[in-house]
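K.L.:
So that we are looking at the same thing, I have put the structure below in structure tokens.
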Amino acid sequence: MRVVAGKVGGNRGPVQDIGIDPEYIDVRLEPHTDFVHPVKRGHTAFAYLLEGRASFNEEADDVVEDGHLVVFQDGDSVRVKARDAPTRFLLVSGKPLHEPIAWWGPIVMNSRREIEQAVEEFQNGTFIKHRAAP
Numbered sequence: 208m209r210v211v212a213g214k215v216g217g218n219r220g221p222v223q224d225i226g227i228d229p230e231y232i233d234v235r236l237e238p239h240t241d242f243v244h245p246v247k248r249g250h251t252a253f254a255y256l257l258e259g260r261a262s263f264n265e266e267a268d269d270v271v272e273d274g275h276l277v278v279f280q281d282g283d284s285v286r287v288k289a290r291d292a293p294t295r296f297l298l299v300s301g302k303p304l305h306e307p308i309a310w311w312g313p314i315v316m317n318s319r320r321e322i323e324q325a326v327e328e329f330q331n332g333t334f335i336k337h338r339a340a341p
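Position in the sequence shown (from 1) plus 207 gives the number in this note's numbering.
Here you go:
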């Protein structure tokens with residue numbers, strides 16, 4: 208398991224000081240392996256299956272294939288069972304923002320006006336404020 212954000216056990220991910228208290232972990236399981244991870248109650252949690260097949264709840268017949276996203280209901284843990292192949296998934300959780308959402312293509316903002324401003328900035332070449340060093 209690789210921790211990208213948050214603290215899991217004694218491991219802290221490189222992404223820190225984010226206001227929504229996120230956990231972002233990259234999990235690899237051998238076939239027929241169980242995985243249980245605590246999640247803070249009230250946090251939104253989802254898993255994206257990158258490889259393999261897995262069950263993401265108590266129902267053994269509910270198998271999810273790679274390339275699918277599972278959104279969990281509120282609770283205090285996530286349970287995963289790898290099926291007949293090595294399995295890899297991203298598990299993400301964090302405090303919900305409770306803010307309005309507006310989107311247009313790949314741009315997500317809080318209002319239609321913000322979308323219009325972002326599109327205008329994109330067309331003018333000013334949308335990206337900071338560029339990574341080469």
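Every residue, glycine too, gets a C-beta built ideally from N, C-alpha and C.
Report yes or no: do three or more beta-carbon pairs, one from the segment 276–295 and one from the segment 224–237, lie closer than 8 Å?
P.N.:
The segment 276–295 is in contact with the segment 224–237.
K.L.:
Whole beta strand (DSSP E) runs in the segment 218–277 with 3 or more residues, listed along the chain?
P.N.:
Counting whole runs of 3 or more residues, the segment 218–277 contains the beta strand (DSSP E) stretches 230–236, 241–245, 251–258, 260–262 and 270–272.
K.L.:
Thinking C-alpha only, which one of 294, 219, 252 and 282 is nearest residue 271?
P.N.:
Along the sequence shown, read from residue 1 onward, the residue named residue 271 stands at position 64. Checking every option, the nearest Cα to that of residue 271 belongs to 294.
K.L.:
Does DSSP classify residue 322 as helix, strand or coil?
P.N.:
Counting from one through the sequence shown, the residue named residue 322 turns up at place 115. In the structure shown, residue 322 sits in a helix (DSSP, three-state: H, G or I).
K.L.:
Indicate the three-state DSSP secondary structure (helix, strand or coil) for residue 296 in the structure shown.
P.N.:
Locating residue 296 in the sequence shown gives position 89, counting from the first residue. Of the three classes helix, strand and coil, the one that applies to residue 296 here is strand, per DSSP.
K.L.:
Can you name, in chain order, every residue of its own chain whose Cβ lies under 8 Å from the Cβ of residue 309, other than the five neighbours on each side?
P.N.:
Residue mapping note: residue 309 aligns to position 102 of the sequence shown, counting from 1. These residues qualify, in order along the chain: 315, 316, 317, 318, 319, 321 and 322.
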